[in-house]
Structure formats: structure tokens, C-alpha cells
Amino acid sequence: MDQLPVRQRGQCCQVTIELPSEVAEQTVEVLKALADPTRLQIVAALARSQQPVCVCDLTTAFELSQPTISHHIGKLKAAGLVTSEKQGIWVYYSLRGDLLPAARRLVDAATADGAVPLASATQTRAGVGG
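In my numbering, the protein residues as written are -13 to 116.
Printed below as a string of C-alpha cells:
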């Protein structure tokens, strides 16, 4: 029986790391945020929306409570996927326009095969300025 050669650590083959740590950490945060099915569906809904969306629109579409949707939006914001804009008493959310190319490809792939309906997302809220 032939024995495999014994090599010292680091003598096997040259391995280079071409992904900077900062980019790897950002990518991991995006992947963690998108790993939850509800958050992935929220991202898909925001990607398909023609304008920013209020949490109340998402609660109706997903049949989830406002605190639950807000929790998911918070995770998406922390990962750098979502931005918010306050208009009067309402806060509207949208996908960041300057997503990392890898994140954009993930979002595009996730939203390619079907729409998430947001029945009231395009309606204007009474009393909202702007």
C-alpha cells in the first residue's frame, strides 16, 4: 500500500485570498438578511414596487403584525439593503439604489419568478406631505 507524502503546513499549494475581509463581512450580512423567507419576500416586494412602501402596506400584503414587519425591515436596513424616508407621520421604505453588485444580483434572481402583490402600495396616504 502506497503512503501519501507527508507535507509540512503551508508547503502543499499556494492559496491566495482575493476577497477582502471587509467585502466578505458585508456579503455575509446581506446573505444573513436574505436567508429569512419573509425578509426575502419583503425585498422582492420592494424591488417590484414602483415607489417606496409603508410598513402598513407590507403588513396587509404579508398578513403579519406591524412589529414583525418592522423587525424584518430593521434587519434589512442593518444589512444595508433598505433605505427609509419619513413623510409626515409615515415612513416609506425602498431598496437602496447603490446596492453592491453581488447583492443586486441576489435580489434580481430572487425577484425574477413572480410578483409579491402589494395591493395598497401605490395608494397615497391621507395627510402625507410630499
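The beta carbon of each residue, even a glycine, is placed where N, CA and C say it ideally should be.
Task: Counterpart residues of residue 72 in DSSP-defined beta bridges - done: By one-based count along the sequence shown, residue 72 stands at place 86. BP columns for residue 72 point to 77.
- [ ] Specify the secondary structure class of residue 1 as computed by DSSP and reduced to three states.
- [x] Translated into positions along the sequence shown, residue 1 becomes position 15. In this structure, residue 1 counts as coil in the three-state DSSP scheme.
TODO: Within the segment 12 to 52, note down every full beta strand (DSSP E) run reaching 3 residues or more, in order along the chain.
DONE: none
Task: Assigned secondary structure, residue 64 (DSSP; H/G/I helix, E/B strand, else coil) - done: Your numbering for residue 64 matches position 78 in the sequence shown. In this structure, residue 64 counts as helix in the three-state DSSP scheme.
TODO: Identify which residue in 94, 19 and 83 has its Cα closest to the Cα of residue 37.
DONE: Looking up residue 37 in the sequence shown gives position 51. Selected option, being the one with the closest Cα: 83.
Open item on the list: Using the Cβ count rule (16 or more neighbours within 10 Å means buried), how would you classify residue -11?
Closed with: Here residue -11 is taken as the residue at index 3 of the sequence shown, counted from 1. With fewer than 16 other Cβ atoms within 10 Å, it is exposed.
Open item on the list: By the three-class DSSP mapping on this structure, what secondary structure does residue 84 have?
Closed with: Your numbering for residue 84 matches position 98 in the sequence shown. Residue 84 falls in the coil class under three-state DSSP.
Open item on the list: Going by DSSP in three states, residue 90 sits in which element: helix, strand or coil?
Closed with: Position 104 of the sequence shown, counted from the start, is the residue given in the question as residue 90. Looking at residue 90 - three-state DSSP - the assignment turns out to be helix.
TODO: Compare the Cα-Cα distances from residue 28 to each of 62, 6, 95 and 77 and report the closest residue.
DONE: Residue 28 sits at position 42 when you count from the first residue of the sequence shown. Comparing Cα-Cα distances from residue 28 to each of 62, 6, 95 and 77, the minimum goes to 62.
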